[in-house]
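Here the structure is laid out as C-alpha cells; the discussion comes afterwards.
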Amino acid sequence: MSNLQEKIDQERTNAREVCGTEGGASQECAAAWDAVEELQAEAAHQLQNQPKKNSLQQYCEDNPEAAECRVYED
Numbered sequence: 000m001s002n003l004q005e006k007i008d009q010e011r012t013n014a015r016e017v018c019g020t021e022g023g024a025s026q027e028c029a030a031a032w033d034a035v036e037e038l039q040a041e042a043a044h045q046l047q048n049q050p051k052k053n054s055l056q057q058y059c060e061d062n063p064e065a066a067e068c069r070v071y072e073d
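Numbering-wise (numbering that gives the first Met the number 0), the sequence shown opens with residue 0 and increments by one.
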C-alpha cells in the first residue's frame with residue numbers, strides 16, 4: 000500500500016508541475032489530475048477489500064512484543 004501512496008504523491012507532484020507549465024485549463028493538466036484520481040480510487044478500493052481487524056489484532060500489530068500477542072507452536 001505504501002508503494003501505491005508513493006505513486007500517488009509522485010503523480011500529484013507531476014500534476015502540479017504540468018498545470019503550472021501548461022496552465023490549469025489545459026488538457027495535459029486535466030489528464031495529469033485524472034491519473035492522480037485513478038490511483039486514489041485504486042487505493043480506496045484496496046483499503047475497502049482489506050479484512051477488518053479486531054481490537055486485539057490491532058493491538059498486536061502495534062505492540063508485537065506484548066504478552067497477549069505471543070504465538071506458541073505445538
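Glycine residues also receive a C-beta, built at the ideal position from the N, C-alpha and C atoms. These numbers were taken from a predicted model, which means no experiment stands behind them.
Specify, as a first and last residue, the run of the alpha helix (DSSP H) that residue i falls within.
| i | result |
| --- | --- |
| Gly19 | Ser1 to Glu21 |
| Cys59 | Ser54 to Asp61 |
| Gln47 | Gln26 to Asn48 |
Should residue i and residue j be called a contact, given that it needs their Cβ atoms to be closer than 8 Å?
| i | j | result |
| --- | --- | --- |
| Ala66 | Cys59 | no |
| Gln9 | Ala42 | no |
| Ile7 | Gln39 | yes |
Cα separation between residue i and residue j?
| i | j | result |
| --- | --- | --- |
| Trp32 | Glu72 | 50 Å |
| Lys51 | Asp61 | 15 Å |
| Gln47 | Ala30 | 26 Å |
| Gln56 | Asn2 | 23 Å |
| Ala14 | Val35 | 8 Å |
| Arg11 | Gln49 | 25 Å |
| Ala24 | Glu16 | 13 Å |
For the putative contact between residue i and residue j, defined by C-beta atoms under 8 Å, what is the C-beta separation to the nearest angstrom?
| i | j | result |
| --- | --- | --- |
| Tyr28 | Glu21 | Residue 28 is actually Cys in this sequence, not Tyr. Indeed, because the Cβ distance is near 5 Å, the residues count as touching under 8 Å. |
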